[in-house]
Every structure is written in structure tokens, then in C-alpha cells.
Amino acid sequence: MLTDQEKRLEDKFSYFWNEGLGKEFKDWANVNPNLSEFETYDDLFVEYDTIGDQIVLDAFKNDSFSEIMKNLSKEDDQSLPNDVKNLLSQMEDTPEWVNQNLLKLGTQLSQRSGLTGLVVLRNFSLLGGYYYSSLTKPLIFTGSLEKGAKQRLFYTLSFWIDVNRIETDAKKTRLYACLKTRLIHSASRLMILKDKTKWDPGISGIPINIMDMVATSIGFTLYFLYGLKKLNLSFTNEEELGVFHLWKYVTWQLGVPAELIPNNKQEAVNFFYYWTHKQELPNEDSIKLANALLDENTNLSLIKSDFINKNIRSIHGSVANYLLDKQTKTDLQIPETRFKNLIIGLLKTGSYLFSKGSTANQIQKGNEAHQLVLNDYKGP
């Protein structure tokens, strides 16, 4: 006999995969997931990046963590401790499975996605992730809610831009971005687990565990690509595989075993089906994070119209309402938006016309848009 809590979890899981967004994912990937395929994965919710944690633990003891992060920000490897240098060297050693052509195609699509890509990342990938309390708990425990949505957007977009480079120094930029993020994850995990009365690993698993890291990568792949598709920004099958390959490489650099990371949308949907079955209900913090994101309405210098900037919340709200399913919107208390159909229609038309230009022009314009928005979020 299921408890009321378990019954609600089963109902929400069933809705998501039979009527909601999960059904759309299944139809798009043409798969029928099966939980039995992942029976051996249960223990991975308590697996984490032990190498990164040991480095940070030693840095805390030596009071050198801040200095390490400063040197990583300057990409100065000469001043790093030996254990950090060793990890950097391991991450820099490209695995045999990495396909450089797919990496290039993945980064090109991300760059040419321009403003469409940013509204999808913000109002679908990030906002959709807030539905899952296992992903929001670490943000709450590390004070991210108090720091504000604008700062979260800046750091997320900064990382996304850094790993999506194709310039000559792209590999180095990606490497240092991943190592900084990896050590921040370890520092956050150690800080959270310091007080077992507030975070019980027996109930919540290990914060920022291996499984949650894979789920996070799905936000940057499955959600991102499906959002682009629904907003009429076209891409090839090879570009689609390129995005998955890029994030397999990035997630591997963040400390996740390569064999766990999806190679394509079929594998991503199958994994996500299993992962969502293990998740708790969204909580009050999920609602707070979602609404803080919707209420963040920084004027974008890319948009020259004062009228549009004054109504930027309507654009974000329209995209969220269009891409997220009814259950997610209800549970996160995302309000309906006036003129949603008109706004989405304009976005679709703009995306369609933009994606008909030359690839080189799209990449140039897309890059410019990304940098301008990043500077807007950074502020003075």
C-alpha cells in the first residue's frame, strides 16, 4: 500500500511521462523507457567526485582555496599546488572517444543559437530544473537564493559560454572553466555535509552526486535542443549529436564517468525516465527559485526597444508557459502570460529567419548576443 506521498509521486511521474513533457521527449526520441534497464544505478546517488573533494579538503586545511580559484581564473597553472596541477593534466588529456568534429558542430550550434538559445536556457532548461528539489537543495544550502537570480544567471551563462568555444584557445578556456566549476562543486558538497542535521545523505543522497550531474547535463542537451526545435531554430542531426558529444566531454571533465553520460537523445530520455522516478516532489524552495527567476527582468542592451525591455518579463513568461507542461507550471506557481501566442509566434518567426542565414553569420551574431547579455547580467 502506497502512502499519500508515494501516491502523489507516482501520479506526477505518470503524468509527466504519459501526458506532459516526458511524453513529448519520448515521442521526439521515439523510445519507450524501461526502469529495469537502470536497476544497477541506484547506488550512484551516493557516488561523487572524491578526487575534487580531497583537493578542496586539503586546500581548506591550508587556507589556500581562494588563492587556487584566483589562479584558475587567471589561467595561471604555474602557481597551482601539485594536486591541482595533476588533476588539470588528467582533464587536459583528451580521451580516445572524443570526436573533434562533433565537438565543433556542437559548439557551433550553441553559438549560432543566439538570443533564442538564451531564452531556452533560462526559461526551459534552468527553470525546468528547479522542479526537482534534489537539484535545488544545494543552491539553497549554499545561499544561492539570497544572492539573487541575476547572479545565478551570470555564472550559469558564463560557464555555458566558456565551454562552447571554437576559437584557437577554446580547449584551454573550457578546461579551466570545468576545473573551477568542479572544485566549486566539491567545496559546496563539503560545506553542505558538514552539518548532517540539515542534510541527511540517507534521505537525500550525496549533494551534487554523479546521477544529479548527469541529469544536469540533460538540461543543457535534451531540454536545450528540444526548446530550440519548438521555437523553430533548425539544426541538423549531426549538430544535435554534436551538442550531446560536447556535454559528454564537459560532464566527464566535471568528474562523471563517461559511460554514464548520454550520447544522444534516446539515451538521454531513457536515463531521465529512470532519474525522475527517483525524485521527490518540488518544495517551497523550488517555487521561490522559479519565481525569483521569472521576476528577474534586467534590460538587455541587445534589445533597442524600450517598450520590449519594459515588457521583458512577458517574453520570459511566455517561453516558460509554452515549453513547460501544465503540471510543472502549476507546481512551480508559474502564472499565465498575456499575449503568449503572439510573443511565441514572433520568436518562432525570428528564429526561423535567423537560421536561414549563413552559418558564419549566425555564429558571429549569436556570439555577439551571448556576450552582450552576459555583460548585462554582470552589471557595472
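Numbering (our numbering), first residue to last: 7 to 386.
Don't be surprised by glycine CBs; every beta carbon is placed ideally from N, CA and C.
All of these numbers come straight from a predicted model, not from anything done at the bench.
Tell me which residues share the same chain as residue i and place their Cβ nearer than 8 angstroms to its Cβ, disregarding the 5 neighbours each side in the sequence.
| i | result |
| --- | --- |
| Asn315 | Asn305, Leu306, Ile309 |
| Leu380 | Phe160, Leu163, Ser164, Ile167 |
| Asn398 | No information on residue 398 is available, as it lies outside the stretch 7 to 386 that the chain covers here. |
| Leu199 | Trp205, Pro207, Ile212, Pro213 |
Among the options, which has the Cα closest to the Cα of residue i?
| i | options | result |
| --- | --- | --- |
| Tyr328 | Tyr54, Gln60, Gly120, Ser131 | Ser131 |
| Pro144 | Glu12, Asp206, Lys18, Gly248 | Asp206 |
| Ser42 | Lys156, Gly363, Phe277 | Phe277 |
| Asn238 | Gly356, Thr203, Tyr54 | Gly356 |
| Leu168 | Asn38, Asn373, Ser240 | The residue you asked about is not Leu; residue 168 is Asp in the sequence shown. Nearest of Asn38, Asn373, Ser240 to Asp168, Cα basis: Asn373. |
| Gln114 | Leu93, His251, Asn381, Gly134 | His251 |
| Tyr137 | Gln272, Ser364, Asn297, Arg195 | Asn297 |
| Gln339 | Ile190, Leu299, Lys235 | Leu299 |
| Ala366 | Thr343, Lys110, Lys18, Glu16 | Lys110 |
| Thr257 | Phe345, Phe165, Ile172, Glu342 | Phe165 |
| Ser223 | Thr242, Phe44, Trp281, Leu196 | Trp281 |
| Val125 | Pro341, Leu330, Gly385, Phe345 | Leu330 |
| Gln377 | Arg171, Ile318, Leu348, Arg319 | Arg171 |
| Glu12 | His283, Arg188, Asp59, Leu108 | His283 |
| Leu94 | Arg118, Asn105, Ser70, Ile57 | Ile57 |
| Val104 | Glu265, Leu15, Gly323, Tyr383 | Glu265 |
| Leu335 | Val37, Asp175, Asn129 | Looking at the sequence itself, residue 335 is Lys, so the reference to Leu does not match. Residue Asn129 is the option with its Cα nearest to Lys335. |
| Asn127 | His322, Met197, Thr179, Met7 | According to the sequence provided, residue 127 is Leu. The question's Asn does not apply to it. It is His322. |
| Asn215 | Asp10, Phe22, Tyr54, Pro39 | Tyr54 |
| Gln370 | Asn303, Glu173, Arg188 | Glu173 |
Please find out if some non-hydrogen atom of the ligand FAD comes closer than 7 angstroms to the beta-carbon of residue i.
| i | result |
| --- | --- |
| Thr113 | Absence of the ligand FAD is noted for the structure shown, with no ligands found whatsoever. |
Starting from the C-beta of residue i, find all residues in its chain whose C-beta is less than 6 angstroms away, skip the five residues before and the five after it, and write them out in chain order.
| i | result |
| --- | --- |
| Asp291 | Thr142, Ile146 |
| Leu121 | Ala375 |
| Gln259 | Met97, Cys184 |
| Ser361 | Leu239, Ser240 |
| Lys186 | Leu78 |
Starting from residue i, follow the alpha helix (DSSP H) in both directions and report where the run begins and ends.
| i | result |
| --- | --- |
| Pro144 | 139 to 147 |
| Trp23 | 10 to 24 |
| Phe51 | Looking at the DSSP string, Phe51 is not in any alpha helix (DSSP H), and its letter there is neither H nor E. |
| Met217 | 216 to 224 |
| Ile350 | 346 to 360 |
| Asp206 | Per DSSP, Asp206 belongs to no alpha helix (DSSP H) and is neither H nor E. |
| Thr282 | 271 to 283 |
| Gly248 | 243 to 259 |
| Met97 | 88 to 98 |
| Thr162 | 155 to 169 |
| Leu63 | 56 to 68 |
| Ala176 | 176 to 199 |
| Ser320 | 318 to 329 |
| Leu299 | 290 to 301 |
Which same chain residues end up closer than 7 angstroms to residue i when comparing Cβ atoms and leaving out the 5 residues on each side of it in sequence?
| i | result |
| --- | --- |
| Asp49 | none |
| Tyr182 | Leu78, Glu81 |
| Lys346 | Ser324, Asn327, Tyr328 |
Whole-angstrom Cβ separation of residue i and residue j, contact assumed at under 8 angstroms?
| i | j | result |
| --- | --- | --- |
| Gly134 | Tyr229 | 6 angstroms |
| Val220 | Ile190 | So it is not a contact: roughly 18 angstroms between Cβ atoms. |
| Asp312 | Ser192 | At roughly 44 angstroms, the Cβ-Cβ gap does not stay under 8 angstroms, so Asp312 and Ser192 are not in contact. |
| Asp89 | Asp64 | 7 angstroms |
| Val275 | Lys32 | 6 angstroms |
| Phe51 | Met197 | Wrong, their Cβ atoms sit about 19 angstroms apart, outside the cutoff. |
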